[in-house]
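Reviewing the structure listed below.
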Amino acid sequence: MAHDHAHAASPGRRRIAVALTITVIILAAEVVGSIITGSLALLVDAAHMLTDAGGLAIALLAATLVNRPPTAKRTWGFERAEVLGATAQAAILLAVGVFVVIEAVQRLFDPPQIDGGQLIVFGVIGLVGNVASILILATSRAKNMNLRAAFLEVVNDALGSVAVIVAAIVIATTGFQLADAIAAILIGALILPRAVMLLRDATSVLLESTPKGLDLEAVRDHLLEVKHVQSVHDLHVSQIATGMPVLTAHVVVDDECFHDGHAPRMLDILQKCVAEHFAVQIEHSTFQLETASHGDHEHPTHN
Numbered sequence: 114m115a116h117d118h119a120h121a122a123s124p125g126r127r128r129i130a131v132a133l134t135i136t137v138i139i140l141a142a143e144v145v146g147s148i149i150t151g152s153l154a155l156l157v158d159a160a161h162m163l164t165d166a167g168g169l170a171i172a173l174l175a176a177t178l179v180n181r182p183p184t185a186k187r188t189w190g191f192e193r194a195e196v197l198g199a200t201a202q203a204a205i206l207l208a209v210g211v212f213v214v215i216e217a218v219q220r221l222f223d224p225p226q227i228d229g230g231q232l233i234v235f236g237v238i239g240l241v242g243n244v245a246s247i248l249i250l251a252t253s254r255a256k257n258m259n260l261r262a263a264f265l266e267v268v269n270d271a272l273g274s275v276a277v278i279v280a281a282i283v284i285a286t287t288g289f290q291l292a293d294a295i296a297a298i299l300i301g302a303l304i305l306p307r308a309v310m311l312l313r314d315a316t317s318v319l320l321e322s323t324p325k326g327l328d329l330e331a332v333r334d335h336l337l338e339v340k341h342v343q344s345v346h347d348l349h350v351s352q353i354a355t356g357m358p359v360l361t362a363h364v365v366v367d368d369e370c371f372h373d374g375h376a377p378r379m380l381d382i383l384q385k386c387v388a389e390h391f392a393v394q395i396e397h398s399t400f401q402l403e404t405a406s407h408g409d410h411e412h413p414t415h416n
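Converting from the sequence shown to our numbering requires adding 113 to each position, the first position being numbered 1.
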């Protein structure tokens, strides 16, 4: 069965571009605000925005590359650009989260004087821009891992802006200067778990792990239920990109299938089996049909 691996269009590319533009504008405002107010929380949020701008730029590049068609050199095209982009964004978020926590803890012992009123203004500016980016990306975030990473970037930014605003209100009303460092720690605590989860999912794809929601042994058992199938070995299921699982397997069938012309029909049945039976639909499948005696010629590690 032949497949066209290229996507007709990369979803969300325009949305990512708009979100990137908004992020850069907020970044510039927060840098100015951190200089004026001396706020660590705002400076940390600005640093977070800087890495998020880089992350969204990576997401935009990945979304552009995915549109390129397969070639003889890259038979899957640039489908993996999505996963590489998500991995880079996750690594950036993780680094920022660690930096935020370390810097904030140091500030707990030596808090600077901060003008809470000015801090509120810049916090609100950041939040308004973040909410706009969230609304832009929300409807397309589930389409692939790259868009999910971009959405997480702007959600983390919004949470950071909320923390800045709360800290500003506390400082303005009570004079409690440690609120700024505490807000920075909370921003870091929000970043780290999401970064770890995204990095885990991306590296799982890069390591060609079995896709989530698919039981490999259940696949094997289902194939064995097909008439004329004797055994299944060298069964592998991995994922090229979001929504693109691929399966390869060696299937030992009755010798008569190669004599009565039934082998092509067997191939159709097996491919339909994995494409329709499981929650994770596997449209890209490759089966090698074998006789029982063929196993004598294969490498002993095949199973």
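Glycine included, C-beta positions come from ideal geometry on N, C-alpha and C.
Residue 137 and residue 285 have their alpha carbons spaced roughly 28 Å apart.
Between residue 139 and residue 239, the gap from beta carbon to beta carbon is short of 7 Å. If you ignore the 5 residues before and after residue 379, its C-beta comes within less than 7 Å of the C-beta of 341, 366, 370, 402, all in its own chain and listed in chain order. The beta carbon of residue 312 sits closer than 6 Å to those of 203, all from its chain and outside the five residues before and after it, given in chain order.
With respect to residue 270, residue 165 sits close: the two C-beta atoms are nearer than 7 Å.
Residue state for residue 320 is assigned as coil, using DSSP reduced to three classes. Fewer than three Cβ pairs drawn from the region 169–188 and the region 142–151 lie within less than 8 Å of each other, which leaves the two stretches out of contact.
Leaving aside the five residues that flank residue 173 on each side, the residues in its chain whose CB is nearer than 7 Å to its CB run, in chain order, 126, 129, 130, 133. For residue 191, the three-state secondary structure derived from DSSP is coil.
Just measuring C-alpha positions, the residue of 392, 377, 389, 355 sitting nearest residue 176 is 355.
In this chain, residue 369 is not harboured by any alpha helix (DSSP H), its DSSP state being neither H nor E.
Burial check for residue 159: the Cβ neighbour count within 10 Å reaches 16 or more, so the residue is buried. Residues 323, 348, 350 of the same chain have their beta carbon placed closer than 8 Å to that of residue 329, with the five preceding and five following residues left out of the count.
Distances from the CA of residue 318 to each of 222, 150, 283, 200 were compared; the closest alpha carbon is that of 200. In summary, residue 301 is buried, with 16 or more beta-carbon neighbours lying within 10 Å of its beta-carbon over all protein chains present. Secondary structure of residue 401 (DSSP, three-state): strand.
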